[in-house]
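Sequential numbering of the sequence shown, starting at 77, is according to this note's numbering. Here a beta-carbon is modelled for each residue, glycine too, at the ideal position from N, C-alpha and C. Please read these numbers as outputs of a predicted model, since none were measured by experiment.
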Amino acid sequence: MSTCRELEKLTVRRCFGDAEMSLCGVTPILNSRATEKREVSKFYISGVTNLGVLSNLRHLTLSNTPLSETLMPYFSECVRLERVVVDSCRGLKSLECFASLQRLTELCLLNLGITEEGLASISRCTSLQHIQLDNCMKLHSLNCLETLVGLRTLDVSRNRICDDGIRGLGNCKNLEELRLVSLRCLWTVKSLGFLHNLAELDLTDNCVTNEGCTALTSCCQLRHLKLASCRCVSDVRWIRALTSLRSLDLSRTRVRSLDLQVLKVCQQLEELHVASCGGVNEASFVEDLISLRHLDLSDTCLNDAGTQPLRQCTALTFLSLRDCRLVTDAHFLEPLRNLLSLNLEGTEVVDANIVPLVHCKQLEFLSLRHCLFLTDVRCLRELKALRSLDISGTYVTDEGVSDVSQCISLERINLGACFLITHLEFLRPLSALKQVTADRTNVVDVTGLGGTGSVRELSLADCKRLGPTGPLEAPRLLDLLLKKSTITDGGMRGLLVHCHSLRRLDLQHCPCITELSAVAQLPSLTELLVRNIKITNESVAFVARCVMLEILLLAECVDITDVNSLQHLRQLVELDLSKTGVTSEGIVGLARCRSLKKLNLSDCRYVTDVNCLGELHVLRELRLERTRLTDGGIVGLCRCMQLETLTLTKCSQIKNVERLQNSLTRLVTFDVYGTSVEASRRYLGVGQRIQHACVVL
């Protein structure tokens, strides 16, 4: 790093050693006056410098790296640092090294064991404007931050800070955004009443009470307030003082419709969430909210009469009534001409009562998912701007969905579990269509999709009547999911003949597939998922022709014994052969798949030797559970220097893994449970491994 003097961003991730290391500043080896005999155990480095040479460093990220007390002071010499992120680093006890950095404006401390004493030194860094403290469970107080008068944003979540621990925040007069999420011990926020510039406050998932919230009446500039999952909140009369509110989230609280009448004074309110509030049974509280654009009433006790006040909210662009099971009529939607997104999932609307949707001419996103009384949605033909339609889990018929073909802007449609749909011909005219989901339907033929020519993703999972089909004219198709369908060999050959752009194909649990010759004609395929089908080595040879493959799953194909033909897949990164019949001789060719990073040979009972895999120098994860490996059959793995995960679970013939432990220095997970390795020598994962930080002397 001493040569990277112009470096502005530095990320140090997962840097640790298995033994204590130190970097010593010593006399350069080229010094001619050094005549004394040097000890052979010393390292001599010419021109040793420290982090101070990184004078232009502005952003520093330290992640999953043990930090020593002797190393941290060197960061104080990076005087231009503006942003520091420390994530999951053991050993950090104090922030003294950052206290003198007068340009530091942003500090993020994530998943650390730092205490309030260790945090205290940062109070001298008066340039700080943004602080994030997430999952620092030893932190019980934020009072040391009260001197940071320039602080604008403070984000604190998943800590054990109580009421007294935020008392000092009242002195951070310039604080504009404050998030105190999931602190659990927070009951009152009285100290926040002094924050007159506060514009955004998030108290999600706390125990704040009605009385504890009253101090917020002094926060007259508050524009965004979240009290979601504050289950002790039921009385919100204090909100009438917050006339500048733009968004309010009271989801999963105990508020009732009557309590929400105070919102009528919030004339600037644009976004309101009261989802999962069991006491909300009518919506009269929104009648005078003329600026309201986003309203979430999901999972409330709203009924048809209770929806009538929504007719007054003519500015609404987003409305969710998901799981409002007492709603059966959508006539209240007639005046809502500006709606862009509507969610009626799980309501009990019927065919005749969704006709008013035709008045929502600008509607782009519509969900009628699990509306069990729907059989006909032909009225939707008037929605020319509709881009996404979800009618999954309904009882619409082929006739009832036929006029959807006139929704000329449609890009995504979900027909999942519409058991009465048998064909997709109605989609042919939709030239903008990109994604079709028809899982668990009774579709017998998909050739109707070919007319669009624009489809990118097609899912036909669990279609039990899918059989022989003609060519699918889908030159742009990238992702095809046929998992658990009844498609046959001939059907697949016909289906794929023109899908030259296909990149991902899922054929897991397709009982009627016996060979894979069809995939040989897919030159762009990068991911193939095959599980539990009756294919043989011959099919593996066809797969080997897909030279662009990066991810290959052939699990539970018990008739596969030899995969040496895969040696030509030079871009293969992940391979799963678990529960196949491959032998030791049948995997030798994998040694030439030099890009392989993940390999799963679990439950391959004919594998006794994997020494050939020693050629896979970038292999990171190797799973060998329940194989018949012996000590001599794993010696070659010592050359897989990048291995991080190695599982030998229940390989009962394995007795000695000491050589592997000594050679594979990057191992994080090493499982020898159920082997014959002596209990005293077992290494079961990162919890047993000592990570040493680099010490600079």
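Inset, instruction - Could you say which of 594, 742, 607 lies nearest to residue 620 if we only look at CA atoms? - result: 594
Inset, instruction - Confirm, please, whether the CB-CB distance from residue 450 to residue 431 is below 8 Å. - result: no
Inset, instruction - Would you check if the distance between the CB atom of residue 519 and the CB atom of residue 541 is smaller than 8 Å? - result: yes
Inset, instruction - Give the straight-line distance between the Cα atoms of residue 234 and residue 303, rounded to the nearest whole angstrom. - result: 16 Å
Inset, instruction - Quick one: residues in its chain with C-beta nearer than 8 Å to the C-beta of residue 205, no 5 flanking neighbours on either side, listed in chain order? - result: Excluding residues within five positions, the ones whose Cβ falls inside 8 Å are 181, 182, 226, 227, 228, 229.
Legend entry - Exposure of residue 428, with buried meaning 16 or more beta-carbon neighbours within 10 Å: Around the beta-carbon of residue 428, fewer than 16 other beta-carbon atoms lie within 10 Å, marking it exposed.
Inset, instruction - Could you please give the first and the last residue of the uninterrupted beta strand (DSSP E) stretch that includes residue 210? - result: 206-210
Inset, instruction - Going by CA-CA distance only, name the one from 659, 307, 667, 190 that's closest to residue 705. - result: 659
Inset, instruction - For residue 476, count neighbouring Cβ atoms within 10 angstroms of its own Cβ and tell me buried if that reaches 16, exposed if not. - result: buried
Inset, instruction - For residue 786, I'd like the list of residues in its chain whose CB is within less than 7 Å of its CB, leaving aside the five on either flank, ordered along the chain. - result: One cannot answer for residue 786 here, as it falls past the ends of the chain, which runs 77 to 773.
Legend entry - Anticipated Cβ contact below 8 Å, residue 157 with residue 143, distance rounded: Not quite, the Cβ-Cβ distance comes to about 16 Å (not below 8 Å), so this is no contact.
Legend entry - Local Cβ density within 10 Å of residue 636, reported as buried at 16 or more and exposed below that: With 16 or more Cβ atoms within 10 Å of its Cβ, residue 636 is classed as buried.
Legend entry - Assigned secondary structure, residue 511 (DSSP; H/G/I helix, E/B strand, else coil): strand
Inset, instruction - Take the Cβ of residue 528 as the centre, count every other Cβ of all protein chains shown within 10 Å, and call the residue buried at 16 or more, exposed below. - result: With a threshold of 16 other beta carbon atoms within 10 Å, residue 528 meets it and is buried.
Inset, instruction - Go ahead and pull the three-state DSSP assignment for residue 743. - result: For residue 743, the three-state secondary structure derived from DSSP is coil.
Inset, instruction - Give me whichever residues DSSP pairs with residue 347 in a beta bridge. - result: Under DSSP, residue 347 forms a beta bridge with 323, 370.
Legend entry - Cβ pair residue 434, residue 444 closer than 8 Å: no
Inset, instruction - Grab the span of the beta strand (DSSP E) containing residue 230 for me, first residue to last. - result: 229-233
Legend entry - Contact set for residue 113: own chain, Cβ-Cβ below 8 Å, skip 5 residues either direction: Here residue 113 scores only 44 on pLDDT, less than 50, and its place in the model is too uncertain to base an answer on.
Inset, instruction - Using beta-carbon positions only, say whether residue 250 and residue 273 come within less than 8 Å of one another. - result: yes
Legend entry - Assigned secondary structure, residue 189 (DSSP; H/G/I helix, E/B strand, else coil): It is coil, neither helix nor strand.
Inset, instruction - Determine the extent of the beta strand (DSSP E) in which residue 700 is found, giving its start and end residues. - result: From DSSP, residue 700 is part of no beta strand (DSSP E); its letter is neither H nor E.
Inset, instruction - Compare the Cα-Cα distances from residue 612 to each of 626, 631, 624, 598 and report the closest residue. - result: 631
Legend entry - Pairwise C-alpha distance: residue 214 and residue 191: Roughly 5 Å between the two C-alpha positions.
Legend entry - Coil, strand or helix - residue 150 by DSSP: helix
Inset, instruction - Helix, strand or coil for residue 686, going by three-state DSSP, please let me know. - result: coil
Legend entry - beta strand (DSSP E) segment containing residue 652, residue limits: 650-652
Legend entry - Residues of its chain near residue 544, where Cβ-Cβ distance is below 6 Å and the 5 sequence neighbours each way are ignored: Excluding its 5 nearest sequence neighbours in each direction, residue 544 has C-beta neighbours in its own chain below 6 Å: 566, 567, listed in chain order.
Legend entry - Cα-Cα separation, residue 642 to residue 502: 41 Å
Legend entry - alpha helix (DSSP H) segment containing residue 616, residue limits: 613-619
Inset, instruction - Give me whichever residues DSSP pairs with residue 355 in a beta bridge. - result: 332
Inset, instruction - Determine which residues share a DSSP beta bridge with residue 225 and list them. - result: None; residue 225 has no bridge partner.
Inset, instruction - Put residue 104 into one of helix, strand or coil per three-state DSSP. - result: Residue placement at residue 104 is flagged as unreliable, the pLDDT there being 41, under the threshold of 50; the coordinate-derived value follows with that caveat. In this structure, residue 104 counts as coil in the three-state DSSP scheme.
Inset, instruction - Kindly indicate which three-state DSSP category residue 464 falls into: helix, strand or coil? - result: strand
Legend entry - Contact belief for residue 208 with residue 184 at Cβ below 8 Å, rounded distance in angstroms: So it is a contact: roughly 4 Å between Cβ atoms.
Legend entry - Burial state of residue 633, where buried means 16 or more other Cβ atoms lie within 10 Å: buried
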